[in-house]
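Beneath this line is the structure, given in structure tokens, with notes to follow.
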Amino acid sequence: MKKIISHVAFGLLGLSVSAAAVAGPAEDRAAFQKFYENRFPDTPVSDFQNGVYSILPSARAQWEEIEEFPPYELAIERGEEIYNKTFANGKSLASCFGDDGAVRSQYPNWDKERGMVVTMELAINECLEANGEKPLKYKKGAMADVSAFMSYNSRGQMVNVEIPSDDPRALAAYENGKEHFYTKRGQLNFACADCHMYTAGNLYRADTTSPAFGHATSWPVFRSKWQAMGTLHRRFAGCHNNIRANPYKAQGEEYRNLEYFVTYMSNDLEFNGPAARK
Amino acid sequence: MNHGLKALAVGLALSVSSAFAGSGTTAEHIEAATAAYKKVAKETSYQWTVTVQAIKAAQKALDAGDDKGARELAHHAMALVEATRTQAKLESENWKMRVPK
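From first to last, the protein sequence lines stand for chains F and Z. Every position in the first sequence, counted from 1, becomes a number in the working numbering once 403 is added. Every position in the second sequence, counted from 1, becomes a number in the working numbering once 191 is added.
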């Protein structure tokens with residue numbers, strides 16, 4: 404594993420020479436998506452939304468079997484109940500997100516007024532709090548259930564994150580997420596990009612790493628290892644722990660900006676959450 | 192690169208421990224490591240999980256009366272802090288070369 408990484412590092416040194424041109428988000432995304440298309444020529448572009456199964460034919464059949472009786476079905480039901488539950492003030496989550504909550508493709512978005520990235524989970528808690536209800540914990544449990552219900556009703560919506568060009572703070576948030584993705588962290592000295600880009604498809608301990616193209620499309624997921632649902636930020640924290648870097652706070656600025664970048668990179672794929680994962 | 196960083200950490204551990212070797216109580220060494228950890232956490236906005244573990248282990252060893260073990264762990268934590276700082280410094284530029292063009 405270490406050998407592979409140092410080869411990658413050496414290979415990249417050569418590339419850095421051509422770093423002069425200043426690329427904006429659109430150029431970043433084109434280069435990002437092209438990287439994966441070149442690296443995995445057998446994967447149809449639209450299939451990158453399926454995580455590691457888009458590049459791992461040996462695990463695909465079993466996964467498809469699991470998806471036939473999806474382990475997240477109960478979560479969707481629980482989420483629906485929470486979604487329709489009447490608040491003390493007579494309203495409900497539906498008052499914020501409509502009857503079916505099919506708003507996945509509106510997130511993450513740039514809130515110009517507050518100058519910050521708003522994710523769907525953050526918006527759910529803001530709706531609760533604005534109506535005098537208690538906010539939910541971000542990584543699992545009821546939040547993952549509500550998110551599963553809303554994502555399920557949003558299946559098929561296209562990822563279409565915008566980085567508004569008339570607000571430099573939006574670009575800064577995007578750049579912050581981008582830097583995070585490519586920066587080595589933790590005692591093991593890995594960047595997200597090391598595992599999910601340059602060595603995507605390689606084995607790390609018992610797991611093959613997925614391409615980051617498509618990373619934000621399938622959430623929340625039911626993960627066998629957790630035996631439960633988890634949100635994207637729970638996964639971010641897990642990957643940080645694995646490289647012995649302190650995780651950031653779920654829905655804090657750092658992870659929201661990271662989500663902004665990663666999701667933008669997956670523009671033009673479909674949202675297809677919730678999903679099952681190993 | 193991994194190897195480089197590890198070597199660096201070991202090198203720092205040696206230099207830090209020799210600088211510290213004679214002076215101060217072990218409790219002071221643990222305090223110094225804790226202060227350095229907090230400082231770098233502020234500067235870099237991130238941390239290694241193992242650093243705080245080493246500091247806790249040092250305190251535990253000291254409480255259990257293992258002065259030598261505690262001192263070694265405190266120096267180890269200090270080396271991890273330095274390696275974190277070095278990583279952050281290198282990465283403040285190096286991340287750019289990983290962005291595909």
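Every residue, glycine too, gets a C-beta built ideally from N, C-alpha and C. Values in this document were obtained by computation on a predicted structure and should not be read as measured data.
Proximal residues, the stretch 574-596 of chain F versus chain Z, C-beta separation under 9 angstroms: Lys-581, Glu-582, His-583, Phe-584, Tyr-585, Thr-586, Lys-587, Arg-588, Gly-589, Gln-590, Leu-591, Asn-592, Phe-593, Ala-594, Ala-596
Give every residue of the same chain whose Cβ lies closer than 6 angstroms to the Cβ of F/Thr-489, excluding the five residues on either side of it in the sequence, and list them in chain order. Ser-495
So, Z/Ala-227 versus Z/Glu-273, is the Cβ gap smaller than 9 angstroms? Judged by their CB atoms, Z/Ala-227 and Z/Glu-273 are nearer to each other than the 9 angstroms cut-off.
Beta bridge counterpart(s) of F/Val-683 as assigned by DSSP: With chain F represented from 404 up to 681, any question about residue 683 of chain F goes unanswered, as that position is not in the structure.
Does the beta carbon of Z/Val-272 sit closer than 9 angstroms to a beta carbon anywhere in chain F? no
Checking 9 angstroms against the spacing of the C-beta atoms, do F/Ala-551 and F/Ala-462 come in under that value? Between F/Ala-551 and F/Ala-462, the C-beta spacing is not below 9 angstroms.
Going by C-alpha distance, which of F/Thr-602, F/Asn-556, F/Arg-572 is nearest F/Trp-622? F/Asn-556
In this structure, does DSSP put F/Asp-610 in helix, strand or coil? strand
Kindly say whether Z/Thr-240, judged by its beta-carbon, lies nearer than 9 angstroms to any beta-carbon of chain F. yes
Buried/exposed call for Z/Lys-251, threshold 16 Cβ in 10 Å: Z/Lys-251 comes out exposed.
Below 9 angstroms between beta carbons: does that hold for F/Leu-672 and F/Gly-604? Against a cut-off of 9 angstroms, the Cβ pair of F/Gly-604 and F/Leu-672 comes out as no contact.
Would you mind sorting F/Thr-683 into buried or exposed? The rule is 16 or more other CB atoms within 10 Å of its CB. Chain F is shown only over 404 to 681; residue 683 of chain F falls outside these bounds and no answer can be derived.
Can F/Val-624 and F/Gly-676 be called in contact, C-beta distance under 9 angstroms? yes
Cross-strand partners of F/Phe-593 (DSSP beta bridge): According to DSSP, F/Phe-593 bridges with F/Arg-588.
Inter-residue spacing [alpha-carbon to alpha-carbon] between Z/Lys-287 and F/Asp-502: 44 angstroms
Residue nearest to Z/Val-290 in terms of C-alpha spacing, selected from F/Glu-516, F/Phe-438, F/Ala-648: F/Phe-438
Measuring only the C-alpha atoms, how far is F/Arg-588 from F/Gly-493? 47 angstroms
Under a three-way DSSP split, which group does F/Val-624 fall into? strand
Could you have a look at Z/Lys-239 and say whether DSSP puts it in helix, strand or coil? Inspection of the sequence shows that residue 239 of chain Z is occupied by Trp rather than by Lys. In the structure shown, Z/Trp-239 sits in a strand (DSSP, three-state: E or B).
Go ahead and pull the three-state DSSP assignment for F/Glu-516. coil
Among residues of its own chain, excluding the 5 on either side of F/Phe-674, which ones have a beta-carbon nearer than 7 angstroms to its beta-carbon? Arg-507, Ser-508, Ser-554, Ser-557, Arg-558, Gln-560, Val-562, Thr-620
Can you name, in chain order, every residue of its own chain whose Cβ lies under 7 angstroms from the Cβ of F/Gln-590, other than the five neighbours on each side? Arg-647
Looking at the unbroken beta strand (DSSP E) that takes in F/Ala-631, where does it start and where does it end? 631-633
Runs of alpha helix (DSSP H) lying entirely within the stretch 532-572 of chain F, each at least 4 residues, in chain order: 545-556
According to the neighbour-count rule (16 or more other Cβ atoms, all chains shown, within 10 Å of its Cβ), is Z/Asp-254 buried or exposed? exposed
Is there a Cβ from chain F that is less than 9 angstroms from the Cβ of Z/Ala-234? Residue identity check: residue 234 of chain Z is Glu in the sequence provided, not Ala. Not closer than 9 angstroms to any Cβ of chain F, the Cβ of Z/Glu-234 fails to qualify, so no.
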